[in-house]
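Step one of this worksheet: look at the structure below.
Residue numbers (our numbering): 118 to 191.
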């Protein structure tokens with residue numbers, strides 16, 4: 118399993134990619150269910166961060182597949 122630091126770096130990278138190349142997806146970053154903790158005092162760990170990264174990755178991949186001509190360079 119990757120370290121929290123590594124996963125955070127990946128989250129930052131994909132978030133910046135979304136904001137810079139696919140700004141139309143930025144509104145979904147706030148609305149993603151994985152970003153809304155159920156617990157009063159949520160514990161952020163590698164597993165939680167990986168789930169968040171995976172959800173960002175899925176969002177981006179799905180968008181690219183559904184809009185292939187939007188940004189053909191990626």
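In this text, a Cβ means the ideal position worked out from N, Cα and C, and glycines have one as well.
All values reported here derive from a predicted model rather than from experimental measurement.
Would you say residue i and residue j are within 8 angstroms of each other, going by their C-beta atoms?
| i | j | result |
| --- | --- | --- |
| residue 118 | residue 172 | no |
Which residues in the same chain as residue i place their Cβ atom closer than 7 angstroms to its Cβ, once the five residues preceding and following it in sequence are excluded?
| i | result |
| --- | --- |
| residue 145 | 176 |
| residue 143 | 135, 136 |
| residue 124 | 163, 166, 167, 170 |
With distances taken Cα to Cα, identify the nearest neighbour of residue i among the options.
| i | options | result |
| --- | --- | --- |
| residue 180 | 139, 129, 133, 169 | 139 |
| residue 133 | 120, 121, 174 | 174 |
| residue 184 | 161, 141, 160 | 141 |
Whole-angstrom Cβ separation of residue i and residue j, contact assumed at under 8 angstroms?
| i | j | result |
| --- | --- | --- |
| residue 166 | residue 128 | 7 angstroms |
Within the same chain, show all residues whose beta-carbon is closer than 8 angstroms to that of residue i, passing over the 5 residues directly before and after it, in chain order.
| i | result |
| --- | --- |
| residue 120 | 163 |
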